[in-house]
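Some notes on the structure that comes next.
Residue numbers (the working numbering), protein chains in the order written: chain R, 76 to 671; chain U, 59 to 364.
Here's what the structure looks like:
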């Protein structure tokens, strides 16, 4: 099925059903911040949230005031996956019925229960406990086992009730009260879900696990968790922080069994007790993990009897496994192997837009790129279409804004169309002499085709009269370390963020000039002011305007060369439907199944 | 003999100590900060510092090394900074997987390699000898990486005879064992041929033949025994080759072994794992070579240690 068709269908179902189940769905400003990360083809993106200091005041105030009128909700959950204004509903349904995945359109029609699903993943699972690591690959594995209080339908950017049937946000935006659903929910070890379990989970996160990647999402944001009664739990924040609600949808915020916490302590991950549709069976390090169906699952159908994650680091081997039928799903298929899969009878390629952005930081602290004309010239002089067509093999898009089109508040800009003459005349105006040396840095194997892109850009820069050199860093930690020094003119970096604040207020933030990820030291006080106003604003229209202005200014300043919006490719058996990479690049198989 | 053995065992200690210093220094002097990698790209500097303190990476290098050695003396290799599991429990299953694969490869390499070597040597310059020599040359010059992928294409994808990846039943062993053993097999075959030819031309073999002993008896009881010494040396060294060659084979076939795991751990700057893993592989390498040295004396009674 054409993935876009499915998105549209699912989207329509979602809207209708959300209206039905959430009689009082109130929608306020979409202030959800999701993660930012750098990382990529090697599957090690951290899903840790960014921008913890850029708390938005927005959702809070408007939430209380926006009384639930159906008309208010009809527009907002209609978050288009390809632009528009994706929204998070900030006050939950008061209905006792929580939406089952099928009801909210997360599972398409025509899926039958049963069978075994084998998923080949490129990176080993770093932890089965949600409160440890947050990289995308392990997150994708864990979400089968655990449930958070609220769920973000990530492809559509809508927060839906999950273990909590509703949530209320205080007027000052500092307390969030979640109400557990009326159903009895059992953990895999037989313990019943209570408000005490919720408290115990978060107490553990804020004390024992505060210095983990998962804990970093919450420490400094969340102060205390208090049990109000047997249905309500109150979360008190340090300061108003609108992205908190989306952060509660992360796997890091999944609820853990209090009995199992006592019993297993640090070894929780060896047992991985959650409330999810699949139960942990076994894990052999570096080899495979096996899950089985949870017959007592509280929320709708569970499709597979058994789920096996095979750890297969070699791209070509993963691709082979879906072709031989030894696996039904293979994550992160590089474009060069995708063509072979497309011709296969058993399997195909699932293409997903994510918020992955790959660009080249420019060194604005020294000539030539201290001059805006030289930076624009670099953008005109790089043939991005050719990079996408030849290196990404067409699995990507040429960017036309500083944030990806799937991000909130994306505003399309006029493209720097490939034009060597224009670039040359801009360079002349900037007084850049022919033969000026350029140093280009690139990691290898981190982003799709990174080194090839750098080499191609080297040739294009040569065409403009530069004398460019490429320096390749095979080891990514070394590369990160080198970036801090930034003894170069251009350096490839990737970033992931469906949230405009994380997308803009890091890479282009004056406060981070000279630091990761703004190592090119771009600084425009006007942009900083707009971005600051935007996170403080409570008005959707105003934020649209502010982020729009900021994007236009950044686009004109050309602090980086925008290279590509990479699409993620998953090898997928033709018998299985509804597997996707979400906007944060997490491979979601939880809602998939065999075709009926 | 006993004294010699003991002295050799005692000598292992400074060797492994040297390895531990080298690995420790190389890791800690390599750019790349584990704390930053764990914290993720958007953590604040304070959060990164906190993780650094927790891992003890804020201490001076000599202090870190001292702590490491003290723990090591107690048999504690530390904990993975990523999974927080004990290094021993991280390494053990992977080490076993590698030993299984390398063991199978070694067995195939020795049995097949020696057989081919003997056939070649006894039919010097015949067509069979020429074919086997060319095959051996090919085996030596084929990269494991490429060979593995070709075998997968042919036997998994095209014929569907063997699984393409992972470990499990016996069928999982076939392709990775073949890939991993190819180089060692070719080396053993060439070495057997060469040293056997050497021996077969010596006077005592002529004497044995002149006594009227059958050719096969001469070959096995007289010639082969003496031809074994250089072959054994090569086999011992091949253990190291197999352990390092296993990285590529393990990657291509997704074998859950230690080679690939160490490479991943270096990339993630998981210092305790890398230190423990390198120490373990170094220990295996020196111990195997010690065993080979001792075996010389058993195979060839002329060799005496004192």
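Even for Gly, the Cβ is constructed at its ideal location relative to N, Cα and C.
| query | In whole angstroms, what is the alpha-carbon distance linking residue 339(R) and residue 153(U)? | reply | As a working mapping, residue 339(R) is identified with position 264 in the first chain. As a working mapping, residue 153(U) is identified with position 95 in the second chain. Answer to the nearest angstrom: the Cα atoms are 26 Å apart.
| said: Quick check on residue 135(R) - is its C-beta less than 7 Å from some C-beta in chain U? | reply: Here residue 135(R) refers to the residue found at position 60 when the first chain is read from its first residue. Here the model assigns residue 135(R) a pLDDT of 32, short of 50, so the residue's position is not dependable and the matter cannot be decided.
| field | Nearest-angstrom Cβ-Cβ length linking residue 493(R) and residue 455(R), presumed shorter than 8 Å | value | In the first chain, the residue the question calls residue 493(R) occupies position 418. In the first chain, the residue the question calls residue 455(R) occupies position 380. That belief holds up - the Cβ atoms of residue 493(R) and residue 455(R) are roughly 7 Å apart, short of 8 Å.
| message | Using 7 Å as the threshold, is the C-beta distance between residue 688(R) and residue 472(R) below it? | response | Given that chain R is displayed from residue 76 to residue 671, the structure contains no residue 688(R) and the question cannot be resolved.
| chain R partners of residue 105(U), CB-CB under 7 Å? | The residue you call residue 105(U) lines up with position 47 of the second chain. Residues of chain R passing the Cβ test: 291.
| field | Residues, ordered as in the chain, of the stretch 309–326 of chain R that lie near chain U by beta-carbon distance below 8 Å | value | none
| message | Judging by CA-CA distance, which residue of 608(R), 530(R) and 524(R) is the nearest neighbour of residue 463(R)? | response | Locating residue 463(R) in the first chain gives position 388, where the first residue counts as 1. Of the listed residues, the one whose Cα sits closest to residue 463(R) is 524(R).
| query | What number of angstroms, rounded off, separates the C-alpha of residue 210(U) from the C-alpha of residue 113(U)? | reply | Position 152 of the second chain holds residue 210(U). Position 55 of the second chain holds residue 113(U). So the two alpha carbons sit approximately 42 Å from each other.
| query | Name the residues in the stretch 584–608 of chain R whose C-beta lies less than 8 Å from a C-beta of chain U; which are they? | reply | 591 and 592
| said: Going by DSSP in three states, residue 325(U) sits in which element: helix, strand or coil? | reply: Translated into positions along the second chain, residue 325(U) becomes position 267. If DSSP states are grouped into helix, strand and coil, residue 325(U) belongs with the helices.
| By the 10 Å Cβ neighbour count, where 16 or more other Cβ atoms means buried, how is residue 561(R) classified, buried or exposed? | Working through the first chain from its first residue, we reach residue 561(R) at position 486. Its Cβ being crowded by 16 or more others within 10 Å, residue 561(R) is buried.
| C-beta neighbour in chain U for residue 448(R), strict 7 Å | As a first step, residue 448(R) must be located in the first chain, where it is residue number 373. No, residue 448(R) lies away from the interface with chain U (no Cβ there is under 7 Å from its Cβ).
| field | Simplified DSSP assignment, three categories, for residue 548(R) | value | If you number the first chain from 1, residue 548(R) lands on position 473. Correct three-state label for residue 548(R): strand.
| task | Leaving out five residues on either side along the sequence, give the residues of the same chain with a beta carbon under 7 Å from the beta carbon of residue 143(U). | result | Position 85 of the second chain, counted from the first residue, corresponds to residue 143(U). If we look at residue 143(U) and ignore the five residues flanking it on each side, its Cβ neighbours are 137.
| To the nearest angstrom, how far is it from the Cα of residue 140(R) to the Cα of residue 252(R)? | Within the first chain, the letter at position 65 stands for residue 140(R). Within the first chain, the letter at position 177 stands for residue 252(R). Note that residue 140(R) has pLDDT 31, beneath the 50 cutoff, so the model's placement of it is unreliable and the number below is only indicative. Cα-Cα distance, rounded: 16 Å.
| Under 7 Å between C-beta atoms, does residue 525(R) make it to chain U? | Here residue 525(R) corresponds to residue number 450 of the first chain, with the count starting at 1. No, no contact with chain U.
| request: Identify the contact partners of residue 611(R) in chain U, using a Cβ-Cβ distance below 8 Å as the criterion. | output: Within the first chain, the letter at position 536 stands for residue 611(R). Residues of chain U passing the Cβ test: none, with the nearest at roughly 20 Å.
| Outcome for residue 370(R) when other beta-carbon atoms lying within 10 angstroms are tallied against a minimum of 16 | For the purposes of this step, residue 370(R) is identified with residue 295 of the first chain, where counting begins at 1. Residue 370(R) comes out exposed.
| message | Taking 7 Å as the threshold (beta carbon to beta carbon), is residue 336(U) in contact with chain R? | response | What you label residue 336(U) is simply residue 278 of the second chain in a count that begins at 1. It does not: the Cβ of residue 336(U) has no partner Cβ on chain R nearer than 7 Å.
| query | For residue 69(U), which of helix, strand or coil comes out of DSSP? | reply | In the second chain, counting from the first residue as 1, residue 69(U) sits at position 11. Residue 69(U) falls in the helix class under three-state DSSP.
| query | Is there at least one Cβ from chain R nearer than 7 Å to residue 227(U)'s Cβ? | reply | Your numbering for residue 227(U) matches position 169 in the second chain. Output row for residue 227(U): interface = no.
| What are the residues of the stretch 140–161 of chain U that lie near chain R, defined by any Cβ-Cβ distance shorter than 8 Å? | 140, 141, 142, 148, 151, 152 and 155
| If you count every other CB in all the chains shown that lies within 10 Å of the CB of residue 188(U), and 16 or more means buried, which is it? | The residue labelled residue 188(U) in the question sits at position 130 within the second chain. Exposed, because fewer than 16 other Cβ atoms sit within 10 Å of the Cβ of residue 188(U).
| said: I want to verify the contact list: residues of chain U whose CB lies under 7 Å from the CB of residue 388(R), in sequence order. | reply: Reading the first chain from its first residue, position 313 is the one you call residue 388(R). Result: 309, 312 and 318.
| message | Taking the alpha carbon of residue 584(R) as the reference point, which residue from 601(R), 571(R) and 568(R) has its own alpha carbon closest? | response | One-based indexing of the first chain puts residue 584(R) at position 509. Among 601(R), 571(R) and 568(R), the Cα nearest to that of residue 584(R) belongs to 601(R).
| query | In the stretch 536–570 of chain R, which residues sit with their C-beta less than 9 Å from some C-beta in chain B, listed in chain order? | reply | Although the question refers to chain B, the structure presented lacks it and instead comprises the protein chains R and U.
| What residues from chain R crowd round residue 91(U), counting only those whose CB sits closer than 9 Å? | Working through the second chain from its first residue, we reach residue 91(U) at position 33. Chain R residues near residue 91(U): 552, 555 and 556.
| request: Measure the alpha-carbon distance for residue 290(R) versus residue 222(R) and round it to whole angstroms. | output: Along the first chain, one-based indexing puts residue 290(R) at 215. Along the first chain, one-based indexing puts residue 222(R) at 147. Going by the C-alpha atoms only, they are around 17 Å apart.
| task | Give a yes or no on contact between the stretch 547–566 of chain R and the stretch 61–76 of chain U, applying the rule of three or more CB pairs nearer than 8 Å. | result | no
| Does the beta carbon of residue 304(U) come closer than 7 Å to any beta carbon on chain R? | By one-based count along the second chain, residue 304(U) stands at place 246. No, residue 304(U) does not count as interfacial toward chain R.
| request: Flag this pair as touching only if the stretch 254–274 of chain U and the stretch 117–130 of chain U have three or more C-beta atom pairs under 8 Å; answer yes or no. | output: no
| field | Spatial distance of residue 325(U) from residue 191(R) (CA atoms) | value | Position 267 of the second chain holds residue 325(U). Position 116 of the first chain holds residue 191(R). Between residue 325(U) and residue 191(R), the C-alpha separation is close to 33 Å.
| task | Taking residue 395(R) as the query, report the chain U residues whose CB atoms sit under 7 Å from its CB, ordered along the chain. | result | As a position in the first chain, residue 395(R) is number 320, starting the count at 1. Here the neighbours are 210, 214, 215 and 222.
| Partners in chain R for residue 94(U), counting only beta-carbon separations shorter than 9 Å | If you number the second chain from 1, residue 94(U) lands on position 36. Here the neighbours are 552, 555, 556 and 591.
| request: Could you tell me whether the stretch 531–539 of chain R touches the stretch 394–407 of chain R, where touching means 3 or more Cβ pairs closer than 8 Å? | output: no
| Whose C-alpha, out of 196(R), 372(R), 399(R) and 589(R), is nearest the C-alpha of residue 218(U)? | Position 160 of the second chain, counted from the first residue, corresponds to residue 218(U). Answer by Cα proximity: 399(R).
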